[in-house]
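Going by this note's numbering, the first residue of the sequence shown is number 396, and it counts up by one from there. The block underneath contains the structure these notes are about, expressed in structure tokens.
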Amino acid sequence: MLVNSGFIDMPAIEEYLAAGRTASPRRVAELIEKARLARGLEPAEVACLLWIDDPELEDRLFAAAREVKERIYGKRMVLFAPLYISNHCVNDCAYCGYRRTNHDLPRRRLTPAEIAEEVVALEAMGHKRLALETGEDPAHCPLDYVLEAIAVIYSTWHDRGNIRRVNANLPAMSVDEYRRLKAAGIGTYVLFQETYHLPTYRRLHRGPKADYLWHLGAMDRAMEAGIDDVGIGALFGLYDHRFEVMGLILHALHLEQKFGVGPHTISVPRLRPATGVRPAEFAYPVSDRDFKRLVAILRLAVPYTGIILSTRERPELRDELFALGVSQLSAGSCTGVGGYARGEHAATQFEVEDHRSPDEIIRSLAVSGYIPSYCTACYRQGRTGDRFMQLAKTGEIGNVCQPNAILTFKEYLLDYASPATREAGERAIAAHLEEVSSPAVREETVRRLKRIEAGERDLYF
Ligand code: SF4
Ligand code: SF4
């Protein structure tokens, strides 16, 4: 049967994977060496790495991923929190607690006043970046409502804190709708394909989202509408993880070829239990080992694309994944509507594994040698799309990321941290200042740290 899966050429993916499976250990070792140059990999090369099973080659793969991660992202880890404002949904995605046939889930959407309450609760935790999330329901959650929510978020301040970047994890829309979303001042537009495998996609979806090509074309329409930064993702566990990695790579390549810039981020959620949903019912569970390998392979395949991890993962595994390639993570997340201000945790989209508060997560990051970052500078400086990618690919971006991480972390320590976190954080700042390579930028960072201590906020490069 002929199937149209658009630019996701499924027979080609199968061929890449079949050829990759027969790659010799020597060929795989050569590819790992090539990947260490941080210039990315072709789809056929990625397919070879996806079959690594030999422990020695796996060690080399992990070492290369750590090296590339460290070289491009240093020890910075960008933090954000999801904000769910409506769980109404007309779709029936088999893996999601918000699906329309889940009659046990109380449905609600937040009023503007309730959204402001949620934002205050998030700001009180120190957050500066949100990922706005809704189900798909044009009647109960129309675009006008979403645009109003974004305006409420940007205008809600708590003490010295405000949300400086709202990323939008919203259903697929038309070009005109994306234009309105862009005009509202969103940061990255994020939408997961869930699975790139068309037959699986069709089997698991009912409702408007069941249209694979409409869903797949969302990023094209968003970019046509002028949204420079888009984030793609796959929900690992729905279909063979090797196929999904190839789907992500082909999606990234398509955007790069068509628009001259690939995705800003790739998200790697793994299937989690939700009300009435058990991962064991899905035939493709991804082991921790496979998950680590796929994060490392993505890091090497698209070195300049951020990799986002959610609270779905256990803290110990998260720490390993940071080293292998993850550059952004959600902290202190609640996946229910109204979860932050009122603690309404029962009606969640999926269960989370990491229940630590942002303060605890931040302290553990600082103690492990990372510098937590609340930086939102690029978007506000107009460093988006190809402008961002050019800076990223020349490595220049690191000269602003590092001081910006230090400045935003300092704000966090002064305004939100517990005494133990402040102590660990100040030690981390002193160590990371040494790593700012330009003496002039380092001196300016020190001056700005003093200005922050004196009460100024939101200083960035
Ligand atoms: Fe609705 Fe999204 Fe859940 Fe599907 S994944 S049921 S579209 S909220
Ligand atoms: Fe991200 Fe830009 Fe800030 Fe670096 S400077 S952390 S790329 S927003």
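We put the CB at the ideal spot given by N, CA and C, even for glycine.
Comparing alpha carbon positions, the residue from A414, G701, E440 and A835 closest to L426 is E440. In the three-state reduction of the DSSP assignment, V672 falls in the strand class, which pools E and B. Taking a C-beta distance under 8 Å as the contact criterion, L633 and E589 qualify as a contact pair. Runs of the alpha helix (DSSP H) lying entirely within the segment 621-661 and spanning at least 4 residues, in chain order: 636-654. The way I'd put it, the segment 712-727 does touch the segment 462-479; three or more beta-carbon pairs between them come closer than 8 Å. In terms of Cβ geometry, G556 and E518 form a close pair [threshold 8 Å]. Residue pairing from DSSP leaves F686 without any beta-bridge partner. Sequence-distant Cβ neighbours of R822 in its own chain, meaning closer than 8 Å and more than five residues away, are A761. Secondary-structure assignment with DSSP links L704 through a beta bridge to L724.
At the C-beta level, I661 and I692 stay beyond 8 Å of one another. The alpha-carbon separation between C488 and H600 amounts to approximately 5 Å. A contact between stretches requires three or more CB pairs, one per stretch, nearer than 8 Å, and the segment 812-821 fails this requirement with the segment 769-785.
Membership of L517 in the alpha helix (DSSP H) is indicated by the continuous run P507 to A519. Judged by beta-carbon spacing, L542 lies beyond the 8 Å limit of R502, meaning their Cβ atoms are not closer than that value.
A straight-line Cα-Cα distance of about 17 Å links E791 and L828. If you look at I480, you'll find it in the beta strand (DSSP E) that goes R471 to S481. As a beta-bridge residue in DSSP terms, N564 pairs with E528 and V585.
DSSP places G580 outside both helix and strand once states are collapsed to three, so it counts as coil. Taking C-alpha positions only, H649 is separated from V656 by approximately 9 Å.
Non-local C-beta neighbours of A620 in its own chain, meaning closer than 7 Å and more than five positions away in sequence, comprise V570, Y573, R574 and K577, ordered along the chain.
Here Q776 is exposed, its C-beta having fewer than 16 other C-beta atoms within 10 Å. Secondary structure note for S768: its beta strand (DSSP E) is the uninterrupted segment I766 to S768. Spanning the alpha carbons of C491 and N497 requires a straight line of approximately 9 Å. Under a 10 Å Cβ-count criterion, G793 is classified as buried, with 16 or more other Cβ atoms of the shown protein chains found around its own Cβ. L695 and E509 have their alpha carbons spaced roughly 42 Å apart. Secondary structure at G820: helix, using DSSP grouped into helix, strand and coil.
Contact between N486 and E531 is confirmed by a C-beta separation of about 5 Å, below the 8 Å threshold. Around the CB of P698, 16 or more other CB atoms lie within 10 Å, so the residue is classed as buried. In the DSSP assignment, the residues bridged to H553 are G556. Taking every protein chain shown into account, the CB of E851 has fewer than 16 other CB atoms within 10 angstroms, so this residue is exposed. Between V663 and V690, the C-beta gap is smaller than 8 Å, which places the two residues in contact.
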